[in-house]
Each structure stands twice: as C-alpha cells, then as structure tokens.
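End of the sequence shown sits at 270 in our numbering; the numbers just go up one at a time, nothing left out.
Below is one structure, written out as structure tokens; the observations come after it.
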Amino acid sequence: MPELAGEGRVLKRFRVAREGQTVDGRTLTRQEIKEIAETYDPATYGGRINIEHITGWSPEPPFNAYGDIVLADAVEEGGKLCLYNTISALPNLVKLSKAGQKIYPSIEFYRDFAGSGKAYQVGLGLTDTPASLGTEVIKFSSANPNLSRTQPDTEICMFTQTPAPAASAPAPAAAEEKTLFNQLKELLTPKPVAAPAVPEDFNATVTQALVAALNGIASLNQRFDTLSAPAAAVAPATGVTVTTPAAAAASVAFAAPAATPVAGVPAAVPAPASDPVALLSQQVQ
C-alpha cells in the first residue's frame, strides 16, 4: 500500500456496490464489478473520497477530500457479485461517520477508462441516498453491526457515464448561500425609475399648441402695426366743416378781432374766413 499524506488515518473495508439494477433502473453488471476489482490501482489513478460527489476546489470543508481508496475487490454473496473497497479514511471522515452523517458509500467509475474498454473506479462519494443496492454503512466503531442499504430513497451517486471533472450538481448549502446572496444583491441594487408613459397623440398636441401660439403672436403684431400707422384724413360730409390742424393754426394767426361799429364810419365788409390772403389784406388796409 502506498504511503499517503495526512495524519490520523484509519483503514476500513466495506461493501460499496452489488451487481444488478440500481434504484433508478440502470444496471451495474457483474462484468463491470469484476473489471473494477481487477483494474483498480492507486498507482494508475488514485480514487479519492468526497461528499455527495462534489470535488471542491478548496481544501477547506465541507467539500475537501475525506480519504483515499486503497484497494477494490469482488466477493460473491448470495449469488450476487459485490464490490468492496478498502479505504484510508482521514479524521474528518471518521468524525463525520461517528456523527451519523453521510454514512453510505456511492461509487464513481468510468465504463471505458482511458480508452481501455474496461471499467475503472475513480472515486467514492459519501451520501445518504446511494443508487446501488446492497451498500454497507460506513462505521468505524467495532460495536456496530454491518448494515445493508437495500431501499435507498433517491439516486445521487453512481456514475454510468463519464463525469465532468467538476461537480455536476451544486450542494444544498452552496445553493442556499447563492440564493441568499442573490436576495441581498437584489435588495441593495437600486430599482430603475420607470419613465412616464408618453401618450400616442403627445406630438400632435404639442404641434397644435405651438401653431396656436404662433398665430396669436402674428395677430398681436398685426394689431400693433395698425395702431402705429398715422391717421388718414377723413373726407368731410355734406354740410360739415372739418378743420385740419394747419387750417386751425392759420385761423389763429390771421384772425382779427371783431370791429366795433363807429357812428358815421361805414363798416368794412370782411372777406370770407376761409380766405386767409383776403383777410390779411383787409387788416393791412
């Protein structure tokens, strides 16, 4: 067995799978179990132990490594070929098992490993709901009997196709953390203010108002021009005498006071008031 890093390791052998149908209707064949038992070698590819088949990028819990697969072997039990793993468990796996958490194994394997045409186990997940029937509870206390998980609730574990290098499904804790983060982000992000709706006839209304205003300005200009123009002389009607400002001035300048009649002196006959020249001649005489 190769020397593995990490203090406080504990070796444990237990059943991890059994040939036949899985919970979701897939099949783990006898041949695949035989090939896994024959081909597994930590020197070729060492399978590590994880939680719920999630390979974390950080060495911090909960998705760090919990140990290593040291050996894979096959045993016939009740007419079924079963796969056993011998693991080197780290203290965090021992602590988890004693707390009764993630107590069932779930194998990870490729049906065609590296183009060899043979099945090869590449890892082991710790879960509460394995796919394979007949898995054995991982216990590190000799006082507890070995138990079989024959009716798991749902399938989470057994890979029948080539898995992606990273986790194929987020852990519940990570999903919950992401949800809380999204909620906080939504609360802290200011909501965009919606622009007021513009009525369809808004442009027409504005255009009509502008036209009315311009028409009003033009009307005011026209009235102002009319009031500013000089007043035209109005032709006199029949029997009405109209005196223009010039005629009035002439009348003031050239009008003589009325002569007082003197006894024995004949009164001069005045020229018509409308003839200023004749009036002037009379005054000179």
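All residues carry an ideal CB built from backbone N, CA and C; glycine is no exception.
- If you check the CB distance, V55 and T71 come in under 7 Å.
- DSSP links A2 through a beta bridge to L68.
- Cβ contact annotation for P76 (same chain, cutoff 6 Å, sequence separation greater than five): G(-7), in chain order.
- Under the rule that a run must span 3 or more residues, the beta strand (DSSP E) segments found entirely inside the segment 73 to 114 read 89 to 95 and 105 to 112.
- Residue pairing of N35 in beta bridges, as defined by DSSP: G110.
- Here DSSP, grouped into helix, strand and coil, assigns V60 to strand.
- Straight-line spacing of the CA atoms in G10 and D113 works out to 19 Å.
- Counting only residues of its own chain and dropping the five nearest sequence neighbours on each side, R208 has no CB closer than 6 Å to any other CB.
- For L(-11), no alpha helix (DSSP H) run applies, since DSSP gives it neither H nor E.
- In the structure shown, G41 adopts coil according to DSSP, grouped into three states.
- Under DSSP, L13 forms a beta bridge with G5.
- Residue pairing by DSSP puts L(-4) in a beta bridge opposite S73.
- Distance check between I92 and each of R(-2), G110, T7 and E37 places G110 closest, using alpha-carbon atoms only.
- Contact between Y105 and T14 does not hold, since their C-beta atoms are separated by about 14 Å, which reaches or exceeds 8 Å.
- Scanning its chain for C-beta atoms nearer than 6 Å, with the 5 sequence neighbours on each side dropped, one finds around A57 the residues I21, A22, Y25, N70 and Q106, in chain order.
- Counting only the Cα atoms, L205 lies some 19 Å from Q193.
- The beta carbon of I34 is closer than 6 Å to those of Y51, G52 and L109 in its chain, skipping five residues each way along the sequence.
- Contact annotation, R96 with E17: C-beta distance approximately 7 Å; criterion of less than 8 Å satisfied.
- Rounded to the nearest whole angstrom, the CA to CA distance from I202 to F187 is 23 Å.
- Excluding the 5 residues flanking it on each side, N49 has same chain C-beta neighbours closer than 6 Å at G41, in chain order.
- Cα atoms of E45 and N167: separation of roughly 23 Å, rounded to the nearest angstrom.
- Between the C-alpha atoms of D210 and T190 there is a straight-line separation of about 31 Å.
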